[in-house]
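I have placed the structure first, in the form of structure tokens, so that the comments after it can refer back to it.
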Amino acid sequence: MPQLPITFGMWIIALLPLAAILVLLVGLRWKAATAAPVGFFLAVLAAFLAFRTPALTVALQTVKGIWDAVFIL
């Protein structure tokens, strides 16, 4: 698997979902249940387009995240 360069642009792309959630929650006063899917969509979009993550990896990590959340909630 080819290594992706660690550049400032890649850092910005990785931080975009977090920044979007922060703006939606604090700036626009959205509820977390509304802002979270937007952040998830941006994270998946970044994974596919910028980081070239395979769909299976994204799907498995999504399921793992849901599984971990079950025990937290």
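For the sequence shown, position 2 matches number -5 in the working numbering, and the numbering has no gaps at all. Just so it is clear, CB atoms sit at the ideal spot from N, CA and C, and this is done for glycine as well. Remember, it's a predicted structure, so these values are computed and weren't measured experimentally.
Residue state for Pro30 is assigned as helix, using DSSP reduced to three classes. Around the beta carbon of Gly20, fewer than 16 other beta carbons sit within 10 angstroms, so the residue counts as exposed. Its chain contains Val51 as the residues whose beta carbon lies nearer than 7 Å to that of Val37, once the 5 sequence neighbours on both sides are disregarded; these appear in chain order.
Judged by DSSP in its simplified three-state form, Pro(-2) adopts coil rather than helix or strand.
When the beta-carbon positions are compared, Ala7 and Ala39 come within less than 8 Å of each other.
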